[in-house]
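Novice: Please see the structure below; I have some questions.
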């Protein structure tokens, strides 16, 4: 006889070997007589079933056997062993006999039968059995089915919606970009050519050439001018702004400004920005009339392409000649004959027409009387006067009276938002207005009358073909939304293809330049888009992990709960692969319906999303189709999660012997497993292989993928790698936190137990220890969920704060007026008057608290070539930009971003917001600084080495210590200069100004000693850093007086002059904190009206950073939704875990109840246990999320050098904490309440 299976002392291998398809196959190998083997097996089964000491079967056994009998009856002739026409050894063991030859013959017959179609039938029968079994089991255990169904449905639904949203996120950024730069896809601007002095776009010709272009819907001409709008009844109420001339009907047909709510304009009608109407006291939609005035000089400046002229070094004062060129162009177009001979008595003609001869022309008329001239000479006589700039005498203004139709409240993506104060008229009626305005000029009337061209020119302007003289043109692409939805590189390639197609249509040499404003604006949002994409990817990964863990725990719980059932199935002949099919079918039974339900819900939600996008973004039609990835990825996750989660439960089910499976008194959490491995079979553990593969992958990513992403500027790949590293760190810390789980649980337990509840401490502690193997998965899920949500929330809050801080630091103040060219100085007197006017008669206090000016750099002067900064040794030296600032600079700007390393401690500084006001000290303590080796009244002596100086006889030492140290400059320099040049607070520096007279080519240099008052690495409104790489070109700040002194001496050194007037490049304005939006807009408009908008730009910091607050609120709402989803999954996990705990501990708690412990106390013990588990996981997740977020933020601050600020998402944290506590209470109470329904006697007997 072979050793019995239950006797492990003689043959321990018999306990663990379970490699064959059926445990009973081993018996046939170990017994010569099959009948004896079968009898022995039933004896073992009877012994196992009777091991509880009860002669009757438990309800569980009876239920299982009845279920199996019902399933057998349902099958009829179907053999659950899966073998066709085979006789089951247990059902008919008396028929099994004969010698080994008969057995071999039967085995051969089995192999023949099961070949070919036999395998298909075998698989089909097993599948049918699996489905029928799972259906029957689901009816009895609907809770597990619902948990799995909801879990897979949530994951698939969220991933599908998120994936689809990620791919459509570019539409949101497109809308934001359109609000910023308008919704025109392409802009045409004219080019200067040798044949044109005034560049225009012949839009009629452009339309003809692009008529059959497959990429563009159409184009529309535009004109942008600087104009003044006056209240007709009260002319003193006027405001300057931007006049936008467009073809309103054409743009409406093309869809340019597709959300523009105002109607097309007719003759004499105008749309006006609401801020202008408030300023000039006009109510819209009431038929109010206004006067619009365009200075002809501004008109000529616009027509001449001012930006290009400026870039070529032409100052605004040099551009009056462009008025002549504009008049010539208009007269030539009207048919004016410049070659005709004119003989006329000018005085007589003027008197006949009642035209007053302009004073500048009277000397010319008196000298010649009756003259004979050509049309060209007559025109040049007028043009010469125009060139003198006497515009008021010649009355060259374009004026018109208009009715205000609508008040423009927003740009509505019709035009760039930076244009600010807008007045809009239709281009169809502009020619007549220009003609009428020109004929008001006596000089123009005189010229046309002399040439006899008056009627011709009038007729020309009455039918003026303004489309042939467009300043710019805007276009709209076909199928634009799909193009903008593409990735950054694909979108760029698409735009290149479109522009190439337009060049083919227009011609390579056609005199227009192309710009893609929307593409440029979208490129600016690339980093934000990538950041949000990585957040979404992280959410998908987290939900996938949570889903795997939850489904794994659910399936493992089911396998442990149905150990006896599976044992009985195997005892009845179910093969191992059929059991695997049963387990897989059970997971697919809820996975497939969940996927279907989730995709249907996602489709319905997508309809709502598309409708919202259509309303907000005005997409042309509802796109109800999903991107292929939004279908494939969720379905793959829905199927992959249960398959991956099934691996360990299947192995767990297959590792059970029949003895353990049929032992109903067996408890999994109390089992002890012994595994014997032969030395010859010993090798690498799977986890060791996994670690090795992971290290190889990490090495490949670090040494290949990261350099690859840098070399090819593949930013999505780079951010994906960084995100993967961060998620890996987060997951790793969560796994490590499981190790310290007992410590946190004991800590929380000691905190929450008080009073009489402390008597439950021992019971709860033992429960925590006994259930730890199962609760680790719950702890890991909670920790991972909380850590990721807190991490994402903290990172986005900190990044939003960093974006806001960088904008404020870069611009410097609430409102900044910038000169866009160094040739144009801000009109200080006009700005001062406007600010004073704004602060007068304000009932709620002055809106402007303070303001300060910054000068242009000294390099902006024509005679200044370069400025170098060095030590007194003149090596090394660095190029710098010297600017002057007002004394109140620090009190006006965002002084929290004034960061410094060293200040001269020999002075007492006024403190501004806790910062020493070194800028004011430059004025109040001017000339009082001392450096090393210097005493009051005594400069350091000149030092020579012992080497004889070989100097020419006429050479002289230009460095005079006494004069240089007394005539020094007090400066504020960048901290980057300290390591780069080798200077400090007490070290004198040399500022060398290289000058050159461009007329005489004379060159020189001027040296000044500088004494550093402060070394800073961050000053609002300036780019500074402590890194040595930024030393070259860094700013050096001085006082206005020092600025004038250096400029005058530098000009004198090359024979030039300095007029003593400083060019101002910036105006920093500080507003009161409680200023209203309307008042803020009015203040900005008043500043805009006092400067030339062609050369200035006004930045409102509050508007720029306001969008970040909106984005933060939206994303925090998104994180709250994700947190709720994660907590729901954790709730299911907690419920599954505690349901299993209640079943495993039912006998122990029956004993406790029998000795007097109440049911309510037991339920509270479960709730306390859950609270210990959840709160400890919540604390661990919060710490981990904050640590990872702070690590990332510290890395960013390392480069940005911004002051560190911890912006914790408190609302998100509190909402997650509340949800977690509710999850702990209900997740433990619902399974524990079943204890109320059970009688103690039945619990102790193990009866369900």
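Numbering (the UniProt record's numbering), first residue to last: 1 to 1248.
We put the CB at the ideal spot given by N, CA and C, even for glycine.
Quantities reported herein were computed from a predicted structural model and do not represent experimental measurements.
(1) How close, in whole Å, do the beta carbons of residue 996 and residue 865 come, if the pair is a contact with beta carbons under 8 Å?
(2) What is the DSSP secondary structure of residue 583, reduced to helix, strand or coil?
(3) Under three-state DSSP, which class holds residue 439?
(4) If we call anything under 7 Å between Cβ atoms a contact, is residue 1189 one with residue 796?
(5) Residue ranges of each alpha helix (DSSP H) run of no fewer than 4 residues wholly in the stretch 435–523, ordered along the chain?
(6) Mind checking who residue 142 pairs with in its DSSP beta bridge?
(7) Between the beta-carbon of residue 238 and the beta-carbon of residue 1085, is there less than 7 Å?
(8) Could you check if residue 1211 is buried or exposed, using at least 16 other CB atoms within 10 Å of its CB as the buried criterion?
(9) Taking all protein chains shown into account, do 16 or more other C-beta atoms lie within 10 angstroms of the C-beta of residue 41, making it buried, or fewer, making it exposed?
(10) Look at the alpha carbon of residue 903 and the alpha carbon of residue 868, and state the distance between them as a whole number of angstroms.
(11) When the distance is taken between beta carbons, is residue 1068 closer than 7 Å to residue 786?
(12) Where does residue 819 fall in DSSP's three states?
(13) At the level of alpha carbons, what is the spacing between residue 1241 and residue 755?
(14) Rounded to the nearest angstrom, what separates residue 87 and residue 572 at their Cα positions?
(15) Between residue 1033 and residue 205, what straight-line distance do the alpha-carbon atoms span, to the nearest angstrom?
(16) Is the beta carbon of residue 597 sitting closer than 7 Å to the one on residue 153?
(17) From the DSSP secondary-structure annotation, give me the bridge partner or partners of residue 271.
(18) Rounded to whole angstroms, what's the CA-CA distance from residue 1232 to residue 1167? Just pull it up for me.
(19) Would you say residue 1250 and residue 1165 are within 7 Å of each other, going by their C-beta atoms?
(20) Could you tell me the distance, in whole angstroms, from the CA atom of residue 779 to the CA atom of residue 1124?
(21) According to the neighbour-count rule (16 or more other Cβ atoms, all chains shown, within 10 Å of its Cβ), is residue 479 buried or exposed?
(22) May I ask which residues mark the beginning and end of the beta strand (DSSP E) holding residue 754?
(23) With DSSP collapsed to three states, give me the class of residue 869.
(24) Among 1079, 834 and 221, which one has its Cα closest to the Cα of residue 470?
(25) State the start and end residues of the unbroken alpha helix (DSSP H) segment that holds residue 973.
(26) Taking only three categories from DSSP, how would you classify residue 1242?
(27) Can you give me the start and stop residues for the alpha helix (DSSP H) that residue 231 sits inside?
(28) Where does residue 260 land, buried or exposed, given buried means 16+ other C-beta within 10 angstroms?
(29) Which residues in the same chain have their Cβ closer than 8 Å to the Cβ of residue 914, if we skip the five residues on either side of it in sequence?
(30) Quick check on residue 676: buried or exposed, where buried means 16 or more other Cβ atoms within 10 Å of its Cβ?
(31) What is the rounded straight-line gap between the Cα of residue 781 and the Cα of residue 1174?
(32) Between the Cα of residue 783 and the Cα atoms of 126, 1236, 1217 and 226, which residue gives the shortest distance?
(33) Buried or exposed: residue 72, going by 16 or more other Cβ atoms within 10 Å of its Cβ?
(34) Which residue comes first and which comes last in the beta strand (DSSP E) that contains residue 883?
(35) Taking the beta strand (DSSP E) that residue 632 belongs to, which residues open and close that run?
(36) Given a threshold of 16 other Cβ atoms within 10 Å of its Cβ, counted over all protein chains shown, does residue 1135 qualify as buried or as exposed?
Specialist: If we stick to the structure as given:
(1) Right, their Cβ atoms sit about 5 Å apart.
(2) If DSSP states are grouped into helix, strand and coil, residue 583 belongs with the helices.
(3) DSSP, read as helix, strand or coil, puts residue 439 in coil.
(4) No. Outside cutoff.
(5) Runs of the alpha helix (DSSP H) lying entirely within the stretch 435–523, each at least 4 residues long, are 442–451, 454–462, 480–484 and 488–506 in chain order.
(6) DSSP, once it has assigned bridges, lists no residue as partnering residue 142.
(7) No, they are not a contact pair.
(8) Exposed is the call here.
(9) Per-residue confidence for residue 41 stands at a pLDDT of 42, beneath the threshold of 50, marking its modelled position as unreliable; no derived number is given.
(10) When the Cα atoms are used, residue 903 and residue 868 turn out to be separated by approximately 22 Å.
(11) No, the pair does not count as a contact, with Cβ atoms beyond the cut-off.
(12) In the structure shown, residue 819 sits in a strand (DSSP, three-state: E or B).
(13) For residue 1241 and residue 755, the distance between alpha carbons rounds to 32 Å.
(14) Any reading at residue 87 must be qualified, since the residue scores a pLDDT of 39, below 50, and its modelled position is unreliable; the value itself is stated next. Linking residue 87 to residue 572 through their CA atoms gives a straight-line distance of about 12 Å.
(15) Their Cα atoms are separated by approximately 47 Å.
(16) Annotated as proximal: residue 597 and residue 153, with beta-carbon spacing under 7 Å.
(17) According to DSSP, which records beta bridges pairwise, residue 271 is partnered with 406 and 424.
(18) Distance between the alpha carbons of residue 1232 and residue 1167: 9 Å.
(19) Beyond the ends of the chain as shown, which are 1 and 1248, falls residue 1250; an answer cannot be given.
(20) When the Cα atoms are used, residue 779 and residue 1124 turn out to be separated by approximately 17 Å.
(21) Flag for residue 479 reads exposed.
(22) Segment: none, residue 754 is in no beta strand (DSSP E) and carries neither H nor E.
(23) Of the three classes helix, strand and coil, the one that applies to residue 869 here is strand, per DSSP.
(24) Taking only the C-alpha atoms, the option nearest residue 470 is 221.
(25) Residue range 969–974 is occupied by the beta strand (DSSP E) that includes residue 973, with no alpha helix (DSSP H) assigned at that position.
(26) DSSP, reduced to helix, strand and coil, places residue 1242 within a helical segment of the structure shown.
(27) Where residue 231 is concerned, there is no enclosing alpha helix (DSSP H), although the beta strand (DSSP E) it sits in stretches over 216–231.
(28) Buried is the call here.
(29) Same-chain partners within the cutoff: there are none.
(30) Exposed, because fewer than 16 other Cβ atoms sit within 10 Å of the Cβ of residue 676.
(31) About 10 Å.
(32) The shortest CA-to-CA distance from residue 783 to any of 126, 1236, 1217 and 226 is the one to 1217.
(33) Per-residue confidence for residue 72 stands at a pLDDT of 47, beneath the threshold of 50, marking its modelled position as unreliable; no derived number is given.
(34) Here the beta strand (DSSP E) through residue 883 covers 877–884.
(35) Following the DSSP letters along the chain, one finds residue 632 in no beta strand (DSSP E) but inside the alpha helix (DSSP H) bounded by residues 628–645.
(36) Residue 1135 is classed as buried because its beta carbon has at least 16 other beta carbons within 10 Å across all chains shown.
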